[in-house]
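Student:
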Amino acid sequence: MNGHYLFQEKQYLGRDATWISVRMILALFCFVAYYLNIENLPSRQLFFIVGTSVIVISVIMIYMVHYKTTVEGKFLILSGLWSSKLVKIDLYNIAKIELKPYSTFIFNNPVYNLHKGGKIRFYSGGKDAVWLTDKEGLTYIIGSHKAEELARAVVEAKRRLNT
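The opening position of the sequence shown corresponds to residue 1 in UniProt numbering, with each subsequent residue numbered one higher.
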């Protein structure tokens, strides 16, 4: 690894706007319940502790790297959290590169190396994804905030391999 990458992006676990909104609504509910629950002191304190904990965990998740995508030489490398395995996709075996939306759903859960229905998904945030299909028909769906740049880098790496 010489440090020269065609593309590199870090996807953070807590930076998806929809899930930040869900966590903040949950914290707001806890603080409203804390304010309205004047008589019962133990449950009032519990609402305050839970609301504060949701905010603290959200802040920690904003800085937690879910996975890193790197296009280098003849491989697309995806490295995940501490216990996740490194995934190396050989670009020589890629037959088709498409830029499509990741999903039609509003809420998408973060996934790393999820095998389902002949597709392998990697997602942390963003609306778009790069769909890579290899020569055996296996599809890799890589969600990214910079999907166009990732697709361009994969096309450039494949072009360099073929010359």
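Ideal Cβ placement from N, Cα and C applies to all residues, glycine included.
#1: Do the region 79-91 and the region 31-45 make contact, defined as three or more Cβ pairs closer than 8 Å?
#2: According to DSSP, is Tyr63 helix, strand or coil?
#3: Can you give me the C-alpha to C-alpha distance between Phe7 and Ala27, rounded to a whole angstrom?
#4: Can you give me the C-alpha to C-alpha distance between Asp128 and Ala17, rounded to a whole angstrom?
#5: Would you mind reading off the limits of the alpha helix (DSSP H) that contains Lys158?
#6: Sort Ala153, Leu161, His66 and Thr163 by Cα distance to Tyr5 and report the nearest one.
#7: Beta carbon of Arg121, beta carbon of Ile141: below 8 Å?
#8: If I measure Cβ to Cβ from Lys146 and keep anything under 6 Å in the same chain, skipping five residues before and after, which residues do I get?
#9: Excluding five sequence neighbours on each side, which residues of the same chain lie with their C-beta closer than 6 Å to the C-beta of Ile77?
#10: How long is the line joining the alpha carbons of Ile94 and Phe107, rounded to whole angstroms?
#11: Could you tell me the boundaries of the alpha helix (DSSP H) in which Ser103 lies?
#12: Let me make sure I understand the geometry here. Which of Gly143, Gly125, Lys74 and Gln11 has the alpha-carbon closest to that of Asn162?
#13: So, under 8 Å CB-CB, Glu148 and Leu99 are touching, yes? Tell me the CB distance rounded to an integer number of Å.
#14: Rounded to the nearest angstrom, what separates Ile20 and Val50 at their Cα positions?
#15: Closest by CA to Arg23, which one among Ser43, Tyr35 and Ile60?
#16: Nearest to Thr104 by CA position, among Gly143, Ser53, Gln11 and Leu81, is which residue?
Tutor: Reading it off the structure:
#1: no
#2: On the sequence shown, position 63 is the one that residue 63 refers to. Three-state DSSP puts Tyr63 in coil, outside helix and strand.
#3: The residue given as residue 7 occupies position 7 in the sequence shown. The residue given as residue 27 occupies position 27 in the sequence shown. Taking the straight line joining both Cα atoms gives about 37 Å.
#4: Taking the first residue of the sequence shown as position 1, residue 128 is located at position 128. Taking the first residue of the sequence shown as position 1, residue 17 is located at position 17. Roughly 14 Å between the two C-alpha positions.
#5: Start at 1 with the first residue of the sequence shown, and residue 158 comes out as number 158. Lys158 -> alpha helix (DSSP H) spans Ala147 to Asn162.
#6: As a working note, residue 5 is residue 5 in the sequence shown. The shortest Cα separation from Tyr5 among Ala153, Leu161, His66 and Thr163 belongs to Ala153.
#7: In the sequence shown, the residue the question calls residue 121 occupies position 121. In the sequence shown, the residue the question calls residue 141 occupies position 141. Taking C-beta atoms as the reference points, Arg121 and Ile141 count as a pair closer than 8 Å.
#8: If you number the sequence shown from 1, residue 146 lands on position 146. Cβ neighbours of Lys146 beyond the five flanking positions: Glu9.
#9: The residue you call residue 77 lines up with position 77 of the sequence shown. Result list for Ile77: Thr70 and Lys88, in chain order.
#10: In the sequence shown, residue 94 corresponds to position 94, counting from 1. In the sequence shown, residue 107 corresponds to position 107, counting from 1. Going by the C-alpha atoms only, they are around 29 Å apart.
#11: The residue given as residue 103 occupies position 103 in the sequence shown. Unbroken run through Ser103: none, as it is neither H nor E.
#12: As a working note, residue 162 is residue 162 in the sequence shown. It is Lys74.
#13: For this step, residue 148 is matched to residue 148 along the sequence shown. For this step, residue 99 is matched to residue 99 along the sequence shown. Correct: roughly 6 Å between the Cβ atoms.
#14: Walking along the sequence shown from the start, residue 20 turns up at place 20. Walking along the sequence shown from the start, residue 50 turns up at place 50. Taking the straight line joining both Cα atoms gives about 16 Å.
#15: Here the question's residue 23 lines up with position 23 in the sequence shown. For Arg23, the nearest C-alpha among the options comes from Ile60.
#16: Within the sequence shown, residue 104 is the residue found at index 104, counting from 1. For Thr104, the nearest C-alpha among the options comes from Gly143.
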